[in-house]
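Step one of this worksheet: look at the structure below.
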DNA sequence: GATGAATGAGCCTTCATTCAT
DNA sequence: AATGAATGAAGGCTCATTCAT
């Protein structure tokens, strides 16, 4: 009896270890892939930054591509969860729009690894993304939130009614992604440190101004 | 005398050949680097798509990195030349602003290879860009053009006076770069073909609206 | 009592399951080893073609080599049993000799897997065969049958008396093994399909002719 | 002038080195493949037994399979050359037939590596052999020699006229290949050392007897 | 008796680069 | 100026096997 309980515990413990190993691998891989790109990333390096061995990458993910796919999926999933945490129904339409823009802005700044990963994936023409079934219509949450706000604004007459939510989302995304994804080259060419707190703060406000300016009736 | 002339001709011919070889390598390398990224690009593949051999890459550019640097420099130089061709002083400030936005938009759409190259460079934190002396303050032309227009607009009262030209440039760049650089992932997630002519046309108009909306007094 | 009976039944059932599992592994392994050779055979593949797991190979046979040894032993044992089924004492010596040759011929054609296995073992210099105690003087049955016929023939004056039974067996074996073991290369080089029914039939008759021709007084 | 000559010499020297390296690789690979089979052979081991490095295998042969193909081709080519050295037109048909059998016998005994290679290739169903264009109708020489002798014998009435040369070749090949290819297992099962000089001598004579016995009118 | 999880060692291959005229 | 031959170092992956119940 004691033994049974004991092995049950041990078994659970191992499962937890397995899960932890998988998670660690995923975390490190996210870093490495976003730092070096897909081809630049080295399976050896990923393993070395971990407590496990390279062998486990093949055991858990089947190979380098499988690991990359898993990284991609996990990253997008995290984003979706964050987006689902957004709420703006308690705010007036104009404020809500600014709020969404600003929170999206912050979210991008706070997750540069994800943004870089998206860049990497785009370099490869999104060929991997298409393979991950679970990522089909992942875009919906963010857009439907905007959709609601735009509808409220149109009803109240505070926001113009001829703008598509996806277009608004694209404007916000463009601006936010650029901050992070092109920080290096834009910063170099125009001598502007995109990540400096005061710069970030100004850019954040500007984005709000632009979006509100565009959508206000 | 005849001989001298003869060898002078031969020498010139050779130089022209050399120049052609260099140019061909550069052209092919631009393609390959922008398609596969820095690490993903294969020196062998670049050479194979050329009439020369791999050895010439080392002869002319010193190595893979040297070739990439040369590609980067040539690409940025071409962009600058294009920007210097922009003229808007014959237009009213509001029209000029829209014009600049739209031409920038077209320019990005028409040079996806360059945009991808910039993405690649950002993946590597712009570490190569910084090495190319000749690219210091390459940003100036585009911004000074905007600066002029903003000044004219402020003077005439048609444009607001509290906006920085670099911020305007960043807004335009963000939007335009996103169109090309993130076409794959955004297209996948929102089922929108960013390169389709009608979509492109709508996005182009929207950008103009946003910029004009933001800057109008 | 009921319980004891119950567990006895269960135990038997389990043994039967165990035997079935062992047998299945052996059967599949015979196929795989004869198709791919010793090194070419994959423990994973053998297990996958089975209802059990790879782990069982280690449980029942100790490892890849143990499994191979078991395959070898089982294969040779089956052959011996087949040879013991041969009877020729009711035939006249000359007919008996032809009969043995033809039956051996058929047996080889009908068990290509075994012949291939022998090839595999020879590639490895018979190093495994020597380890299987139970296979010592496995050759006896076939040869002693020939011995009897040769003795009868010598006595009756129908067969020459200066030929060793092992030499006869070797001639027959050579010819029969070659049909199967070298079908691919010989067939390729001479454009002859060794396994086609009519070719097989002719070869069979030729073998009989050769053996009878050699041994006839 | 001196320099030119000097570099011409050096260049030739290098080519000779290259040729030697290639040849050495081929020789060692022939050994290793025939000893361990295709899958069992290790690229590392082949390289280690050489003065060059593993890298050269890829440089010269493209990979493991390319090396194996080259080994196969070279081996068969050598055999063909040996067969073309056979001459029997100065002997009476019966003697010629025995001569061919005996020389073939010796040739097999003296080139066990080749025989083993053929076994290896048959384990893989001759799938590589078929890829080597240059080995199409390689069988011809040996058979046409036999064809001539058989024709002479038929004309003189010394040999029977109803036997196909390929069938004769197959008989001889079967017997000779078996000596070498199955030496291990046959030797083990019947306690006979196939490679012992006296055994070899007896087998040689027996083959001659069998062939002559079969073909004599 | 039976098993899922984990793994060390080694495999084949490819990369960017240099040698030697 | 131009080049064919050669190569060291590392890369991704797969093998048979053992651990720990």
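Chains as they are written, first to last, in the working numbering: chain A, 8 to 224; chain B, 8 to 224; chain C, 8 to 224; chain D, 8 to 224. All C-beta atoms, glycine included, are put in the ideal place defined by N, C-alpha and C.
Check the Cβ-Cβ distances between residue i and every residue of chain D, and say whether any is below 9 Å.
i	result
residue 91 of chain C	no
residue 197 of chain C	yes
residue 152 of chain C	no
residue 98 of chain C	no
residue 157 of chain C	no
Is it right to say residue i is buried, meaning 16 or more other beta carbons lie within 10 angstroms of its own, or is it exposed?
i	result
residue 37 of chain C	buried
residue 167 of chain C	exposed
residue 204 of chain A	exposed
residue 60 of chain A	exposed
residue 41 of chain A	buried
residue 90 of chain B	buried
residue 25 of chain B	exposed
residue 9 of chain D	Because the pLDDT of residue 9 of chain D is 39, which lies under 50, any placement of that residue in the model is unreliable, and the question is left without a value.
residue 115 of chain B	buried
residue 13 of chain A	Only weak support is given to the placement of residue 13 of chain A: the predicted model assigns it a pLDDT of 47, under 50, and the value that follows is read from those uncertain coordinates. By the 10 Å Cβ count, residue 13 of chain A comes out exposed.
residue 69 of chain C	exposed
residue 88 of chain C	exposed
residue 80 of chain A	buried
residue 5 of chain B	This structure gives no information on residue 5 of chain B, because the portion of chain B shown stretches from 8 to 224.
residue 178 of chain B	buried
residue 224 of chain B	exposed
residue 55 of chain B	exposed
residue 140 of chain A	exposed
residue 123 of chain A	buried
Rounded C-beta distance between residue i and residue j? I'm assuming under 8 Å.
i	j	result
residue 185 of chain D	residue 126 of chain C	About 11 Å separates the two Cβ atoms, so there is no contact after all.
residue 173 of chain D	residue 222 of chain D	Contact flag wrong, Cβ pair sits at about 14 Å.
residue 151 of chain A	residue 44 of chain B	Not really, about 34 Å apart at Cβ, beyond 8 Å.
residue 112 of chain C	residue 183 of chain C	5 Å
residue 74 of chain A	residue 192 of chain B	Actually they are not in contact, since the Cβ atoms of residue 74 of chain A and residue 192 of chain B sit about 19 Å apart, beyond 8 Å.
residue 153 of chain B	residue 213 of chain B	Between residue 213 of chain B and residue 153 of chain B the Cβ distance is about 19 Å, and since that is not below 8 Å, they are no contact.
Would you please verify whether the beta carbon of residue i is less than 9 Å from any beta carbon of chain A?
i	result
residue 173 of chain B	yes
residue 194 of chain B	yes
residue 224 of chain B	no
residue 168 of chain B	no
residue 141 of chain B	no
residue 191 of chain B	yes
residue 188 of chain B	yes
Quick check: is the beta carbon of residue i nearer than 9 Å to any beta carbon in chain C?
i	result
residue 144 of chain D	yes
residue 178 of chain D	yes
residue 163 of chain D	no
residue 184 of chain D	yes
residue 202 of chain D	no
residue 95 of chain D	no
Could you tell me which residues DSSP puts in a beta bridge with residue i?
i	result
residue 223 of chain D	D:166
Using a beta-carbon distance below 9 Å, is residue i in contact with chain B?
i	result
residue 160 of chain A	no
residue 36 of chain A	no
residue 27 of chain A	no
residue 237 of chain A	This structure cannot settle anything about residue 237 of chain A, because the visible part of chain A is limited to 8 through 224.
residue 136 of chain A	yes
residue 103 of chain A	no
Does the distance between the C-beta of residue i and the nearest non-hydrogen atom of the ligand ADP fall short of 8 Å?
i	result
residue 84 of chain C	As far as ligands go, the structure on display features none, and thus does not contain the ligand ADP.
(request) Using a Cβ-Cβ cut-off of less than 9 Å, list which residues of the region 204-221 of chain B approach chain A; keep chain order. (result) 209, 210, 213, 214, 216, 217, 218, 220 and 221
(message) Counting only Cβ-Cβ distances shorter than 9 Å, please list the residues of the region 107-133 of chain C near chain D, keeping chain order.
(response) Under the 9 Å Cβ criterion, the region 107-133 of chain C contributes 123, 125, 126, 127, 128, 129, 130, 131, 132 and 133.
(message) Against chain A, which members of the region 39-65 of chain B pass a CB distance test of less than 9 Å?
(response) 41, 42, 43, 44, 45, 46, 47 and 48
(request) Could you list the residues in the region 74-88 of chain D with a C-beta less than 8 Å from some C-beta on chain C, going in chain order? (result) none
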